[in-house]
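Scroll down for the structure; my scribbles are underneath it.
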């Protein structure tokens, strides 16, 4: 069993066709004879303005959360009763529905669905190759979550640089100050950023204003960036604090490992806000215990929601449960961003932030 909720009034007045021949695309030519249909998986968390903008040009259907083992059949039943659907998005806060985007759950949507949208910046759990093979776009929503993740990353950097987490634990235990804490004066210190994308650039700008020197490593130089590109090895050798922001791929799994720690400065500080498996946690534990790594701040972990016990128990490790972007407004603004992607797609044939380029577009 699953619960269905329709979130709009279907007594529409005639509206002008937004898919005019002057802006003809393969998608708009398909839809010119009818209104497009959108399926929202999870609770519709968008604000009234974003919902109304989408409802002006599309019929919107909502499928509330069901257990993960029921998702595939629930979507298939929805396609049978109200489909086919031209665009699909999942709007969720803490709902575990559906976390994976791929044929296991979405086979019944293909090949008609031509846009899949998921809130957030990361897409390591999305089968982009399968979506592309169906002739569809996949779009993420990196803007709103990016701003909040950048702010959160900066807060971790400043906290761990001064060792405030360790002092906090000491004070809470009734011991007043911990004299073993080496508090860094970050002015003039080098912050090395692995992954100078949207989030990395925001962190770099803020940290630079606070007196950090910024170096970064990407696969290639970021055009127009005022910061210094260096090799991975050079960044490890020069950085006082390392911030990890690379996406999780097979190539970046355990990107930071025992070899990387061996190349880093003695007493380096590590901050990971990307994906847990980018850092080999056991190798980090070893580096902390040897003193190679002075302190670490982690918002992501290899086996979430599990945290390696030696990281959780180490007073020099500041752990947060993947919450840096989880401000009081993140669910709504991310949902708004997702709906804007869909509106843009219906108007132009292309979403605002596509990850792939399907054939024929």
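Numbering (full-length UniProt numbering), first residue to last: 1 to 361. Glycine included, every Cβ here is placed at the ideal spot set by N, Cα and C.
- When the alpha-carbon of residue 72 is set against those of 102, 83, 84, 126, the nearest one is in 102.
- Ranked by how close their Cα comes to the Cα of residue 135, the residues 310, 111, 125, 78 have 111 in first place.
- CA-to-CA, the gap between residue 288 and residue 155 works out to about 21 Å.
- Taking all protein chains shown into account, residue 306 has fewer than 16 neighbouring C-beta atoms within 10 Å of its C-beta and is therefore exposed.
- With a beta-carbon spacing of about 7 Å, residue 137 and residue 345 fall inside the 8 Å limit used to define contacts.
- For residue 310, DSSP records no beta bridge to any residue.
- Excluding sequence positions up to five before and after residue 161, its CB lies within less than 6 Å of the CB of 184, 186, all in the same chain and listed in chain order.
- Rounded to whole angstroms, residue 91 and residue 139 show a C-alpha spacing of 13 Å.
- Of the other Cβ atoms in all chains shown, 16 or more fall within 10 Å of the Cβ of residue 108; this residue is therefore buried.
- Of all alpha-carbon atoms in 52, 57, 47, the one lying nearest the alpha-carbon of residue 34 is that of 57.
- Between residue 192 and residue 238, the CB-CB gap stays under 8 Å.
- Boundaries of the beta strand (DSSP E) harbouring residue 116: 115–117, taken from the DSSP string.
- Note on geometry: alpha-carbon atoms of residue 83 and residue 278 lie some 39 Å from one another.
- 257 is the residue among 257, 301, 264 whose C-alpha sits nearest the C-alpha of residue 284.
- Nearest in C-alpha terms to residue 310, of all of 149, 201, 286, 166, is 286.
- For residue 213, the uninterrupted beta strand (DSSP E) segment begins and ends at 213–217.
- Here the alpha carbons of residue 337 and residue 298 stand approximately 27 Å from one another.
- Boundaries of the beta strand (DSSP E) around residue 318: 317–319.
- Across the set 335, 189, 40, the C-alpha of 335 shows the shortest separation from the C-alpha of residue 48.
- The continuous stretches of beta strand (DSSP E) do not include residue 127, and DSSP gives it neither H nor E.
- Burial check for residue 323: the Cβ neighbour count within 10 Å stays below 16, so the residue is exposed.
- CA-to-CA, the gap between residue 315 and residue 235 works out to about 26 Å.
- The Cβ atoms of residue 332 and residue 150 do not sit closer than 8 Å to each other.
- When beta bridges are read from the DSSP output, residue 137 appears opposite 115.
- With fewer than 16 other Cβ atoms inside 10 Å of its own Cβ, residue 221 counts as exposed.
- The continuous alpha helix (DSSP H) containing residue 172 extends over residues 164–172.
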